[in-house]
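So this note's numbering is basically just the index in the sequence shown, starting at one, shifted up by 706.
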Amino acid sequence: GLLDLSDEVLVLIFRRLDPFSLLRAGSTCRALLRVCSCSSLWRPLFQVSFGVSFTAAVNSISLKDAFRLLYMWRVLYSSLHCNAHLQKKLFSETPKYWVQWLVLEEKVPLPPVKLPDYEMENIWGLKLDCLEGRHREDAEEGETDGILKFEWKELYDRAIKHHGSFANVVQHVLEQQIKNDHSELEELYREYRRFRFLWHLTYWLFKQPKPVDRDLRNTFLQWKRYKRRKVASWGKAQCDVDYLAHLHHVTRDYIEGQLAKGDENVDWQTTDCEGQCEAFVEWCLDISQARLSRCQVYTDTLDGVYMVLNKEMAVSGVNHYQFCQVAKVQMARVCKLEETAMNYVNWRMIDSTYYYKLFMLTGCDHLLIYLKAFLHRKRVVNDWILQDENAWARQKLPEKLYRLLQFETKISKGSLHGDHPFARLSRAIWIYLLYGEQLLMEDVKELVFQYAQDAL
């Protein structure tokens, strides 16, 4: 096993791991913890993740622990726009612990920092002569400490200049944080990992500038059936974002962490989703498809796009051009399926068959023959029960079972499960519709007569 290998070989193996995997490997046993804590493993990860090169541990803190702290902070700070709990920490009083982390950030959306000169000197690692000038505030009555006022960006620039590089600023911050308790940082990070997808999606849905916010809401809701009471509180604290997410395939997969290898930053903020949706809807309406339902074309096309791209979306993002190209192909297939069905009722009858889904994936015209045969068999079942000699069966059958034999009744997948008469007859009809063998039709007739006799 791994424990039989030398430390040198283990280090070579573990160099292929990402930081999360390396931390998990180190948590399995003491022997692997010792190897996974080697500075030689964490030094390149520092360079890749933060652009910082360290040659040794930072004072008494190992590079592994330093990486862990810095990574948690960077992830949390990048979520500031949607992380209400972190906003509360930073926007209320901004305790010294959090100010120390903010030293690393060039852009800080906070008012100018006001601190005693000795605290500012300690936190940023600047000498007092670097802080003098027009930034000194008049001391209030009873105070002896000099108060300095700086913009965050100016302090960041002075720190970089004084320390010589960003790497040295990072080292200074880590040295200052060694003695601090990091339980609050760790708790916020655990909370972020748990709710990150929900927070990002909530921000994307509700924090867009007007009128984009109104257009996004309309676009998001108009193509899907929804419960009015669930969306009445759109944008409010009590809004059920999880319900909204499950209205669409992509948002459902996103909130469940199934897109882009679980990366929460899959362009919700940078992609002009509203513009893309509007452009796609306009493109749909420009096509001369007078017989088609706008809503059904749109939803079937998006379902088809999802079927084609879902595996790729689970690994990486999909750009606008790629989406539109696939959407055009899928819409053409939807239109062809509607032409095959000849009317809306027939179209909805075949959309639950695997022939329908297979055609959306492949575009193979041969599958259209199977769909026509499916509809023909549905008509055969309907015509059979309407024959004069079967009038007694029509009269005695329970209404629910009789409706299954009618042409316009769509058999749902949910009705195929169970051992009650409705499920058994649904299965018999469904199997006949798919395969068309006469023996299967005889099974349908036998069940119909049996249930009609039972009702006598």
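Think of the CB as a built atom: it goes at the ideal place given N, C-alpha and C, for glycine as much as any other residue.
Nearest-angstrom Cβ-Cβ length linking residue i and residue j, presumed shorter than 8 Å
i, j, result
"M1055", "K1084", "7 Å"
"C788", "H954", "The Cβ separation is near 19 Å, so there is no contact."
"W1090", "A1158", "The pair is not a contact, with the Cβ atoms about 13 Å apart (cut-off 8 Å)."
"I1135", "L1103", "That pair is no contact at about 13 Å."
"H832", "R864", "Here residue 832 turns out to be Leu, not His, going by the sequence shown. Yes, L832 and R864 are in contact; Cβ-Cβ is about 6 Å, under 8 Å."
"L911", "V947", "7 Å"
"G963", "F903", "6 Å"
"L723", "L716", "Their Cβ separation, rounded to whole angstroms, is 11 Å, which puts L723 and L716 out of contact at 8 Å."
"L1043", "Y1062", "7 Å"
"W779", "L891", "7 Å"
"V758", "A873", "4 Å"
"Y1138", "V1154", "Not a contact, Cβ separation roughly 12 Å."
"L747", "R721", "6 Å"
"L1067", "M1147", "Not quite, the Cβ-Cβ distance comes to about 29 Å (not below 8 Å), so this is no contact."
"G1010", "V1040", "7 Å"
"L1077", "T1115", "L1077 to T1115, Cβ: 17 Å. No contact."
"F1128", "N1088", "Not quite, the Cβ-Cβ distance comes to about 18 Å (not below 8 Å), so this is no contact."
"A1079", "G1142", "6 Å"
Boundaries of the beta strand (DSSP E) in which residue i is found, first to last residue
i, result
"F856", "853-856"
"K813", "Segment: none, K813 is in no beta strand (DSSP E) and carries neither H nor E."
Identity of the residues DSSP links to residue i by a beta bridge
i, result
"K916", "Answer is none; K916 lacks a bridge partner."
"L821", "L854"
Delimiting residues of the alpha helix (DSSP H) encompassing residue i
i, result
"Q1159", "1144-1160"
"V1035", "1026-1047"
"I884", "Taken as a continuous stretch (DSSP letters only), I884 belongs to no alpha helix (DSSP H), as it is neither H nor E."
"H1082", "1072-1091"
"E1105", "1105-1111"
"A731", "725-732"
"P801", "It is not in any alpha helix (DSSP H) - P801 carries neither H nor E in the DSSP assignment."
"Q964", "No alpha helix (DSSP H) holds Q964; DSSP gives it neither H nor E."
"E714", "713-720"
"I1135", "1127-1141"
"T1115", "That residue, T1115, is in no alpha helix (DSSP H); it is neither H nor E in DSSP."
"T1068", "1060-1068"
"R1100", "1097-1102"
Top-ranked residue by Cα proximity to residue i, from the options
i, options, result
"S784", "A731, Q1093, R899, W748", "R899"
"W858", "S871, E892, W807, Q883", "W807"
"L796", "Y777, V819, L776, R774", "V819"
"E827", "E812, I853, P815", "I853"
"L880", "M1048, R774, R920, F926", "R774"
"H1082", "F1029, L1140, H1123, R1130", "L1140"
"Q1031", "L1008, Y1050, L769, V1051", "L1008"
"A1020", "S755, C1041, Y960", "Y960"
"K855", "E811, P817, F760, T1046", "P817"
"N886", "K936, Q1112, W804", "W804"
"G1023", "L1064, T1068, A966", "A966"
"E825", "I866, Q882, G870", "Q882"
"L718", "C744, N924, F726", "C744"
"D713", "Y1060, H1126, R736, F726", "R736"
"L751", "S733, P725, A772", "P725"
"E893", "D1057, H791, F760", "H791"
"Y932", "L950, F1065, G941", "L950"
Neighbour flag for residue i against chain B, beta carbons, 8 Å
i, result
"E812", "Although the question refers to chain B, the structure presented lacks it and comprises just one protein chain."
Residue ranges of each alpha helix (DSSP H) within the stretch 748-797, 4 or longer: 769-784, 790-797
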